[in-house]
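Peer 1: Just so we're aligned, residue 1 is where the sequence shown starts under the working numbering, counting upward by one.
My questions all concern the structure below.
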Amino acid sequence: MTFKELGLAEPILKAVEAEGYTSPTPIQQQAIPILLKGKDLLGVAQTGTGKTAAFGIPILHHLYQSQNGQKGRRKIKALIVTPTRELALQIGDSLTAYGKHTGLRNTVIFGGVKQAKQVNALRNGIDILVATPGRLLDLMGQGFITFRDLEFVVLDEADQMLDMGFVHDIKKIIAQLPAKRQSLFFSATMPQAIVQLSQKMLGDFERVTIKPQQATAEKVEQGVYFVSKKNKPKLLVHLLNENPSDTVLVFSRTKHGANKIVKKLSQANVNSAAIHGNKSQTARQKALGNFKDGKLRVLIATDIAARGIDVEDLSLVINYDLPNVPETYVHRIGRTGRANASGIALSFCDKEERPYLRDIEKLIKQEVPRMPEHQFVDDEGSADEENQNPKQGRNQNSSQNRNRNRNKRRNSSYRGRNNKNRPSGQNNNRRRSED
Ligand code: AMP
Numbered sequence: 001m002t003f004k005e006l007g008l009a010e011p012i013l014k015a016v017e018a019e020g021y022t023s024p025t026p027i028q029q030q031a032i033p034i035l036l037k038g039k040d041l042l043g044v045a046q047t048g049t050g051k052t053a054a055f056g057i058p059i060l061h062h063l064y065q066s067q068n069g070q071k072g073r074r075k076i077k078a079l080i081v082t083p084t085r086e087l088a089l090q091i092g093d094s095l096t097a098y099g100k101h102t103g104l105r106n107t108v109i110f111g112g113v114k115q116a117k118q119v120n121a122l123r124n125g126i127d128i129l130v131a132t133p134g135r136l137l138d139l140m141g142q143g144f145i146t147f148r149d150l151e152f153v154v155l156d157e158a159d160q161m162l163d164m165g166f167v168h169d170i171k172k173i174i175a176q177l178p179a180k181r182q183s184l185f186f187s188a189t190m191p192q193a194i195v196q197l198s199q200k201m202l203g204d205f206e207r208v209t210i211k212p213q214q215a216t217a218e219k220v221e222q223g224v225y226f227v228s229k230k231n232k233p234k235l236l237v238h239l240l241n242e243n244p245s246d247t248v249l250v251f252s253r254t255k256h257g258a259n260k261i262v263k264k265l266s267q268a269n270v271n272s273a274a275i276h277g278n279k280s281q282t283a284r285q286k287a288l289g290n291f292k293d294g295k296l297r298v299l300i301a302t303d304i305a306a307r308g309i310d311v312e313d314l315s316l317v318i319n320y321d322l323p324n325v326p327e328t329y330v331h332r333i334g335r336t337g338r339a340n341a342s343g344i345a346l347s348f349c350d351k352e353e354r355p356y357l358r359d360i361e362k363l364i365k366q367e368v369p370r371m372p373e374h375q376f377v378d379d380e381g382s383a384d385e386e387n388q389n390p391k392q393g394r395n396q397n398s399s400q401n402r403n404r405n406r407n408k409r410r411n412s413s414y415r416g417r418n419n420k421n422r423p424s425g426q427n428n429n430r431r432r433s434e435d
């Protein structure tokens with residue numbers, strides 16, 4: 001299927017071609033026709049599937065078709081609500097790119113910065129507003145925003161909004177929208193609270209599901225290292241030094257942890273920067289900009305801050321900590337292997353994180369391939385632990401020595417010359433055929 005076959009307006013086809021998209025991704029193939037028919041949509045999909053274009057393109061198409069001869073100040077006709085500043089900016093950039101020949105205007109509003117510039121943009125008139133919930137409610141309350149002319153609303157990353165405690169804000173926003181509108185609801189996961197929220201928001205809707213398993217199993221090579229908490233910095237430095245040309249995104253569960261990783265890397269002469277909620281907006285944008293431009297090779301991010309990161313040549317994601325929410329793992333590894341590219345995601349798992357690994361494997365319905373043992377093996381001997389009968393007890397020291405000796409004989413490169421060192425695809429295949 002081609003974009004042309006979807007029946008899109010010429011200026012949009014031209015822009016999509018300039019972006020280098022040759023054919024629509026699965027979510028685009030399914031969602032665009034539904035949205036062009038004017039139906040509501042429930043999209044169960046993660047970032048990295050091309051969902052921004054899946055909702056952005058039909059909205060631009062409709063607005064372009066209906067703007068003929070429009071006079072006077074532009075009125076907000078489409079609202080996109082998304083949880084983080086990074087994601088909002090990313091969506092704004094995509095809409096600007098897809099709509100560059102349509103004459104339609106968008107602006108992005110988010111908290112943590114002064115409001116004057118955003119208010120000015122609103123005063124000048126825009127067609128599409130991309131917003132995070134807090135600042136949106138704030139500016140609505142101050143009377144700078146009216147939704148009288150609204151035709152489209154998109155709720156993006158609904159599960160993340162729920163995690164971040166935005167659910168009441170969202171309900172307040174929805175309550176102020178005109179009843180007659182087309183509503184789009186996107187979430188990577190569908191826990192009960194999200195199902196309820198979607199029912200509140202959507203009218204007669206169609207559902208499109210792009211399973212996360214597809215993204216993880218088919219596009220991203222995965223691997224897990226068992227390593228003690230103490231040795232994680234050493235393993236990270238080792239992997240970064242072994243693969244100096246890779247652009248690497250490292251995930252940390254906490255903001256404090258992210259800062260600590262930057263410090264440890266700096267002690268090992270590896271330059272990196274962290275982005276998380278405690279960093280100023282300017283610092284976050286600068287770090288992200290440098291990372292995207294290739295000036296900064298290693299970026300450390302917390303989950304929330306990383307939601308908007310869209311870097312084309314991201315070759316490696318490292319889960320320095322395993323997330324305690326398994327869906328987050330899927331989000332994280334979806335940062336690599338975007339659209340048509342393939343990527344590698346490696347995880348560090350210490351003893352306490354073993355239950356998280358089990359939950360992840362249950363969700364993605366596959367075993368994350370075990371990486372060969374390495375010189376920074378878990379001091380607690382956890383590489384052996386999986387096969388051990390807990391009742392038997394063991395001699396801790398001899399187990400450690402055994403591991404260390406064995407590890408000396410191998411190296412830990414995930415791109416070693418022999419394939420033993422790559423995350424093995426064998427397990428994935430076996431699981432898939434079992435499913
Ligand atoms: P998203 O899921 O919207 O964050 O998009 C993920 C990435 O896929 C972005 O870098 C987009 O530019 C890219 N992308 C979206 N649609 C396509 C397409 N049809 N062909 C190739 N790349 C695409």
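Just so you know, even glycine gets a beta-carbon here, dropped at the ideal spot from N, CA and C.
In this text, all values refer to a predicted model and were calculated from it rather than measured experimentally.
Please work out which residues of its chain come closer than 6 angstroms, Cβ to Cβ, to Pro390, disregarding the five sequence neighbours upstream and downstream, and give them in chain order.
Peer 2: Here residue 390 corresponds to residue number 390 of the sequence shown, with the count starting at 1. In this predicted model, Pro390 has a pLDDT of only 33, less than 50, meaning its place in the structure is not dependable; the value taken from the coordinates is given anyway. There are no such residues.
Peer 1: Could you pull out every residue in the same chain whose Cβ sits closer than 8 angstroms to the Cβ of Gly277, ignoring the five residues on either side in sequence?
Peer 2: The residue labelled residue 277 in the question sits at position 277 within the sequence shown. Around Gly277: Lys255, Thr302, Ile304 and Ala305.
Peer 1: Is Ala53 near ligand 1, going by C-beta to nearest heavy atom under 8 angstroms?
Peer 2: As a working mapping, residue 53 is identified with position 53 in the sequence shown. Checking every heavy atom of ligand 1 against the Cβ of Ala53, one is found closer than 8 angstroms.
Peer 1: Can you name, in chain order, every residue of its own chain whose Cβ lies under 7 angstroms from the Cβ of Ser23, other than the five neighbours on each side?
Peer 2: Looking up residue 23 in the sequence shown gives position 23. Excluding positions up to five away in sequence, the list reads Met1 and Thr2.
Peer 1: Check whether the Cβ of Glu157 sits closer than 8 angstroms to any heavy atom of ligand 1, and report yes or no.
Peer 2: Locating residue 157 in the sequence shown gives position 157, counting from the first residue. Not under cutoff, so the answer is no.
Peer 1: Should Ala383 go down as buried or exposed, given a rule of 16 or more other Cβ atoms within 10 Å for buried?
Peer 2: One-based indexing of the sequence shown puts residue 383 at position 383. With a pLDDT of only 43 at Ala383, under the threshold of 50, the placement of this residue in the model should not be trusted, and no figure is reported.
Peer 1: My parser needs the beta strand (DSSP E) runs of 3 or more residues fully inside the stretch 218 to 301; what are they?
Peer 2: Entirely contained in the stretch 218 to 301, the beta strand (DSSP E) runs reaching 3 residues are, in chain order, 220 to 226, 248 to 251, 272 to 275 and 298 to 301.
Peer 1: Determine the DSSP secondary structure at Arg410, reduced to helix, strand or coil.
Peer 2: As a position in the sequence shown, residue 410 is number 410, starting the count at 1. Confidence in Arg410 is poor, its pLDDT being 34 and thus under 50, which makes the residue's placement unreliable; the coordinate value appears in the next sentence. In this structure, Arg410 counts as coil in the three-state DSSP scheme.
Peer 1: Roughly how many angstroms separate the alpha carbons of Arg404 and Glu373, rounded to a whole number?
Peer 2: For the purposes of this step, residue 404 is identified with residue 404 of the sequence shown, where counting begins at 1. For the purposes of this step, residue 373 is identified with residue 373 of the sequence shown, where counting begins at 1. Any reading at Arg404 needs caution, since the residue's pLDDT is 38, under 50, leaving its predicted position unreliable; the model's value is listed next. Using only the alpha carbons, I get a separation of about 9 angstroms.
Peer 1: Give the straight-line distance between the Cα atoms of Thr132 and Ile145, rounded to the nearest whole angstrom.
Peer 2: By one-based count along the sequence shown, residue 132 stands at place 132. By one-based count along the sequence shown, residue 145 stands at place 145. For Thr132 and Ile145, the distance between alpha carbons rounds to 14 angstroms.
Peer 1: Within a Cβ cutoff of 7 angstroms, which residues of the same chain sit near Glu361, ignoring the five residues on either side of it in sequence?
Peer 2: Looking up residue 361 in the sequence shown gives position 361. Contacts found: Glu367 and Val368.
Peer 1: Can you list, in chain order, the residues of its chain whose CB lies under 8 angstroms from that of Arg406, leaving out five sequence neighbours each side?
Peer 2: What you label residue 406 is simply residue 406 of the sequence shown in a count that begins at 1. With a pLDDT of only 32 at Arg406, under 50, the local geometry of the prediction cannot be trusted, and the value read off the model is given with reservation. Same-chain partners within the cutoff: Glu373.
Peer 1: Ordered along the chain, which non-local residues of its own chain (more than five positions away) have a Cβ less than 6 angstroms from that of Ala9?
Peer 2: For the purposes of this step, residue 9 is taken as the residue at position 9 of the sequence shown. Result list for Ala9: His61 and Tyr64, in chain order.
Peer 1: How about the stretch 114 to 122 and the stretch 45 to 55: do they share at least three Cβ pairs that are nearer than 8 angstroms?
Peer 2: Touching, no, given that fewer than three Cβ pairs across the two stretches are closer than 8 angstroms.
Peer 1: Which runs of the beta strand (DSSP E) fall wholly inside the stretch 106 to 182 and span at least 3 residues, in chain order?
Peer 2: Taking only runs of at least 3 residues, the beta strand (DSSP E) segments lying wholly in the stretch 106 to 182 are 106 to 109, 128 to 131 and 152 to 155.
Peer 1: Are there three or more Cβ pairs, one per stretch, closer than 8 angstroms when the stretch 271 to 289 is compared with the stretch 317 to 330?
Peer 2: The stretch 271 to 289 vs the stretch 317 to 330: no contact.
Peer 1: May I ask you to check if the CB of Tyr320 is nearer than 8 angstroms to at least one heavy atom of ligand 1?
Peer 2: The sequence position of residue 320 within the sequence shown is 320, counting from 1. Flag unset: Cβ of Tyr320 not near ligand 1.
Peer 1: Run the CB neighbour count on Glu17, radius 10 Å, all protein chains shown included, and call it buried at 16 or more, exposed below.
Peer 2: Residue numbering aside, residue 17 sits at position 17 when the sequence shown is read from its first letter. So Glu17 ends up on the exposed side.
Peer 1: Locate the alpha helix (DSSP H) running through Gly471, then write down its first and last residues.
Peer 2: This structure leaves residue 471 out entirely; the chain is present only between 1 and 435.
Peer 1: Pairs of beta-carbons, one from the stretch 70 to 90 and one from the stretch 128 to 142, closer than 8 angstroms: are there three or more?
Peer 2: Taking 8 angstroms as the limit for Cβ pairs, the verdict is that the stretch 128 to 142 does touch the stretch 70 to 90.
Peer 1: Alpha carbon to alpha carbon, how far is Ser245 from Ser266? Give it in angstroms, no decimals.
Peer 2: On the sequence shown, residue 266 is found 266 positions in, with the first residue counted as 1. On the sequence shown, residue 245 is found 245 positions in, with the first residue counted as 1. Taking the straight line joining both Cα atoms gives about 18 angstroms.
Peer 1: Starting from the Cα of Arg466, find the closest Cα among Gln196, Gln176 and Arg284 and give me that residue.
Peer 2: Lying outside 1 to 435, the shown extent of the chain, residue 466 is not represented and no answer is given.
Peer 1: So what's Ile32 in DSSP terms, helix, strand or just coil?
Peer 2: The count along the sequence shown starts at 1 and reaches residue 32 at position 32. Helix.
Peer 1: Counting only C-beta atoms, is Thr146 closer than 9 angstroms to chain D at any point?
Peer 2: Checking the listed chains, one finds no chain D in this structure; it contains a single protein chain.
Peer 1: What residue from Ala53, Pro58, Ala45 and Gly43 has the CA that sits closest to Leu36's CA?
Peer 2: Within the sequence shown, the letter at position 36 stands for residue 36. Closest by alpha carbon: Pro58.
Peer 1: For the candidate residues Ile261, Arg335 and Arg332, whose alpha-carbon lies nearest to that of Ile300?
Peer 2: As a position in the sequence shown, residue 300 is number 300, starting the count at 1. With distances taken between Cα atoms, Ile300 lies closest to Ile261.
Peer 1: Can you give me the Cβ contacts of Gln392 inside the same chain, cut-off strictly under 8 angstroms, excluding the 5 residues immediately before and after it?
Peer 2: Locating residue 392 in the sequence shown gives position 392, where the first residue counts as 1. With a pLDDT of only 35 at Gln392, under the threshold of 50, the placement of this residue in the model should not be trusted; the figure read from the coordinates follows. There are no such residues.
Peer 1: Put Ala97 into one of helix, strand or coil per three-state DSSP.
Peer 2: Counted from its first residue, the sequence shown places residue 97 at position 97. Helix at Ala97.
Peer 1: Please tell me whether Ala53 and Gly43 are closer than 9 angstroms, where the distance is taken between their beta carbons.
Peer 2: Residue numbering aside, residue 53 sits at position 53 when the sequence shown is read from its first letter. Residue numbering aside, residue 43 sits at position 43 when the sequence shown is read from its first letter. Not closer than 9 angstroms, so no.
Peer 1: Considering Ala45, what are the terminal residues of the beta strand (DSSP E) in which it resides?
Peer 2: Counting from one through the sequence shown, the residue named residue 45 turns up at place 45. No beta strand (DSSP E) holds Ala45; DSSP gives it neither H nor E.
Peer 1: Given Arg105, which residues of its chain have a CB within under 7 angstroms of its CB, disregarding the five upstream and five downstream residues?
Peer 2: To locate residue 105, count along the sequence shown from 1; it is residue 105. Excluding positions up to five away in sequence, the list reads Arg74, Ile126 and Asp127.
Peer 1: Along the chain, where does the beta strand (DSSP E) that runs through Thr209 open and close?
Peer 2: Taking the first residue of the sequence shown as position 1, residue 209 is located at position 209. Counting along the chain, the beta strand (DSSP E) containing Thr209 begins and ends at Phe205 to Thr209.
Peer 1: Mapping DSSP to helix, strand and coil, what is Ser187?
Peer 2: As a working note, residue 187 is residue 187 in the sequence shown. Strand at Ser187.
Peer 1: Please classify Val325: does DSSP put it in a helix, a strand, or coil?
Peer 2: For the purposes of this step, residue 325 is taken as residue 325 along the sequence shown, with counting starting at 1. Three-state DSSP puts Val325 in coil, outside helix and strand.
Peer 1: Answer yes or no: do Leu197 and Ile170 have a C-beta to C-beta separation smaller than 9 angstroms?
Peer 2: Sequence index remark: in the sequence shown, residue 197 carries index 197 (1-based). Sequence index remark: in the sequence shown, residue 170 carries index 170 (1-based). Closer than 9 angstroms, so yes.
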